[in-house]
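K.L.:
Following this message is one structure expressed as C-alpha cells.
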Amino acid sequence: KTHQNKSVPSPAEMKPTKELVLPNKTMALLYALLDVPLHGSQCRARNRFAQIVKNRINFLEDERVKLLEERCNKDEEGKPKKKNLGSPQEEYDIDAGPLGEYREIYSKLMDESFVIDLIGTLKADVVAVRPIVLDSRMPIGTLDGYVYELICTAFEAV
C-alpha cells in the first residue's frame, strides 16, 4: 500500500474565493508592501484597500494596549503604571505572570484571521492591488519571508 502526502494546491488548482483571508500578523507587512508610487485608478484602488488594512492595524494596536492595561500594575488612582526607559520610551509595569498571559492572548489574536468580503468595488480594488503585492520589489528579510508567503497565498486564492 502506497502512502501519498497531500501537497498544498498550486494557485492554478485553487478555486477563486469571495473572501480575502489574512492572518492579523500580516497587516503591518501588507501595509508596507502597498507603499509604492502608483498612478490613476491603481493608486485610488490601493488607497482604498490600504485604508482597510490601516484600520485593522489601528484596531489591533488598540487591542494590544487594552490587553496590557488590563494586566499591568496600577498606581494609587487606578491608572496603568509605566516604567520610563529613557525619553521618550516607556513600557507598562507588568509582573511576569500577567505578562505571560498577555503574550499568550496577544499571540492568539495575531494568529486570528481578518476576513475581507470581496463585494462590489472592493473586489476590483483587491484585483488592482494583487500584482503590487505578488510582484513586490520590496526587500524582504528571512523573518518577514514567512509572513510574505502567507500574504501571497491569500492573494493567490482570490
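Start counting the sequence shown at 10; every next residue gets the next number (the numbering used here). Beta carbons are placed, not taken as given, at the ideal position from N, Cα and C, and that holds for glycine. Values in this document were obtained by computation on a predicted structure and should not be read as measured data.
Taking C-alpha atoms, which residue in Y101, S50, I125 and L47 lies nearest to V30?
P.N.:
Here the closest residue by C-alpha is I125.
K.L.:
Write down the C-beta distance between E110 and R73 rounded to the nearest angstrom, noting that I regard them as a contact closer than 8 Å.
P.N.:
Not quite, the Cβ-Cβ distance comes to about 14 Å (not below 8 Å), so this is no contact.
K.L.:
Quick one, which of K83, Y155, V167 and P97 has its alpha-carbon nearest A137's?
P.N.:
The residue with the shortest Cα to Cα distance from A137 is V167.
K.L.:
Apart from the five residues just before and just after T35, which ones in its own chain have a Cβ nearer than 7 Å to its Cβ?
P.N.:
Cβ neighbours of T35 beyond the five flanking positions: V156, L159 and I160.
K.L.:
Considering only their Cβ atoms, is the gap separating P89 from E100 smaller than 8 Å?
P.N.:
Not in contact: E100 and P89 (Cβ atoms no closer than 8 Å).
K.L.:
Taking 8 Å as the cut-off, does the stretch 144-153 touch the stretch 47-56 (at least 3 CB pairs, one atom from each stretch)?
P.N.:
The stretch 47-56 is not in contact with the stretch 144-153.
K.L.:
S145 by DSSP, collapsed to three states: which one?
P.N.:
Coil, per DSSP.
K.L.:
Using DSSP with H/G/I as helix, E/B as strand and the rest coil, what is L47?
P.N.:
Three-state result, L47: coil.
K.L.:
Does DSSP put D84 in a helix, in a strand, or in coil?
P.N.:
In this structure, D84 counts as coil in the three-state DSSP scheme.
K.L.:
When the Cα of E165 is compared with those of V135, D153 and N67, which residue comes out closest?
P.N.:
Measuring from the Cα of E165, the nearest candidate turns out to be V135.
K.L.:
Does DSSP put E121 in a helix, in a strand, or in coil?
P.N.:
In the structure shown, E121 sits in coil (DSSP, three-state: anything other than H, G, I, E or B).
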